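Residue numbers (our numbering): 951 to 1427.
The structure appears below as structure tokens.
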């Protein structure tokens, strides 16, 4: 219990198998827990499900004592790992699995606790890394990412990556999966990650192509085809984020041919994702009818499959495409509805709540509702610095909101540059100057400076909440 999260340890988690120490066998474990509770070393907080808490100071002291005996510490660490591994299911990287989320909610705090102990810089001797531990941290990272807990997910995945680099053997498959998820996590960071994302996805695609081509045709499985398919689609996403919609569209079309061969009924989720991505290619080309149709199809499929948060994300992108077509009123209706839904949910998805606050504010600016725009922009900026939320909204998003708020305030005051406006402009333009070098956008007129701030954002979920950027994304066909 010393190596588990002290805020909620389930009795069923502690039950071992025939190879576990005798004190983890059901009858003996019951007596041990009773004695610990009697001596107030632990406390039963859920009688029905038998969930205990361990007093934090006691846990800390016992952990310090364990450091004096590295062998014992490693042995107990292995035991804690085995108990968690036995209960934690392996998440699907490709498809969310709501049925497993209850189990993940209970067990992920223990995975995070185990990672913290593994990385303890004050330990006399580090726990010896092993492949199964990397797999556990990978699974925990994927599950957290699917629940939008990005920072903790990244911690687990980075540690899994470190473990694989320390141990001997060929672990390219696992490294590719970890690289894939890390890249998806940081896509919300915007412009600073685009080149790194591209490099990671290029590396993953090269590995998947090599592994696929090294197999005899008769040995290739549907899983092999699926891994290559995902790598191709993800690489297309990376180049699309850099504005290369022509090449991305060709890859998506090939992916669609593959999905048609596999069967639409069995791969509805993949079809939804592909239609969502292809909608942006059509938008870049100015084919708004096709773009809106594809985006709406993706929303309908995801909604039918029951993924409410992903439905909202796809609806945001649908609204952005509708805005580019010139229909501000319809775009505002959708964004308002999503904001109301996200505000009601609150909780972990605070990044998405702030994105919606800004998206609606931006549209209000275009309709001339300066009071409404100011109110929501201030709400987003205030929320972004609240304790427990700070860091959830990336720097590019904050800078855009600051710059746009400055424009709202100046328009309200007929061009007056107050001290607040000057501060907002200075802070936002400092970030713009720092980040724009990662992916420069040339030829933007002064009156369209807001387009540069839009360009800083991730492609999906927020880059096209304004009306000035799209015209600057042109390519030679």
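Using N, Cα and C, we set each Cβ at its ideal position, and we do this for glycine too.
Predicted model, so just to flag it, every value in this text is computed and none were measured.
{"Item": "Other residues of its chain near residue 1314: CB distance less than 6 angstroms, five sequence neighbours each side excluded", "Value": "1322, 1323"}
{"Item": "Residue 1131 classed as buried or exposed, judged by whether at least 16 other C-beta atoms fall within 10 angstroms", "Value": "buried"}
{"Item": "Collapsed DSSP secondary structure at residue 1271 in the structure displayed", "Value": "helix"}
{"Item": "Secondary structure, alpha helix (DSSP H): runs of 4+ residues fully inside the region 996-1075", "Value": "1006-1016, 1020-1037, 1051-1068"}
{"Item": "Check whether residue 1059 and residue 1050 have beta carbons under 8 angstroms apart", "Value": "no"}
{"Item": "Secondary structure of residue 960, DSSP reduced to three states", "Value": "strand"}
{"Item": "8 angstroms Cβ cutoff met for residue 1320 and residue 1362", "Value": "yes"}
{"Item": "Contacts around residue 1308, its chain only, beta-carbon distance under 6 angstroms, and the 5 residues preceding and following it disregarded", "Value": "1330, 1351"}
{"Item": "Cβ contact (3+ pairs, closer than 8 angstroms) linking the region 1213-1233 and the region 1246-1257", "Value": "yes"}
{"Item": "Run of the alpha helix (DSSP H) containing residue 1203, from where it starts to where it stops", "Value": "1195-1212"}
{"Item": "Buried versus exposed, by CB contacts within 10 Å (16 or more), residue 1297", "Value": "In this prediction, residue 1297 has a pLDDT of 49, which is less than 50 and means its spatial position is unreliable; nothing more can be read from the coordinates."}
{"Item": "Inter-residue CB distance, residue 1061 and residue 1038 (contact presumed, cutoff 8 angstroms)", "Value": "7 angstroms"}
{"Item": "DSSP-derived helix/strand/coil call for residue 1168", "Value": "helix"}
{"Item": "Cross-strand partners of residue 1265 (DSSP beta bridge)", "Value": "Note: residue 1265 sits in no beta bridge, so no partner."}
{"Item": "Residue 1283 in three-state terms, based on DSSP", "Value": "helix"}
{"Item": "Inter-stretch contact (C-beta, 8 angstroms, three-pair minimum) for the region 1342-1356 and the region 1134-1149", "Value": "yes"}
{"Item": "Neighbourhood of residue 997 by C-beta distance below 7 angstroms, restricted to the same chain and skipping five residues each side", "Value": "none"}
{"Item": "Run of the alpha helix (DSSP H) containing residue 1346, from where it starts to where it stops", "Value": "1345-1362"}
{"Item": "As assigned by DSSP and simplified to three states, the class of residue 993", "Value": "strand"}
{"Item": "Option in 1244, 1316, 1241 with minimal Cα separation from residue 1278", "Value": "1316"}
{"Item": "Reduced DSSP category for residue 1257 - H, G, I as helix; E, B as strand; rest coil", "Value": "coil"}
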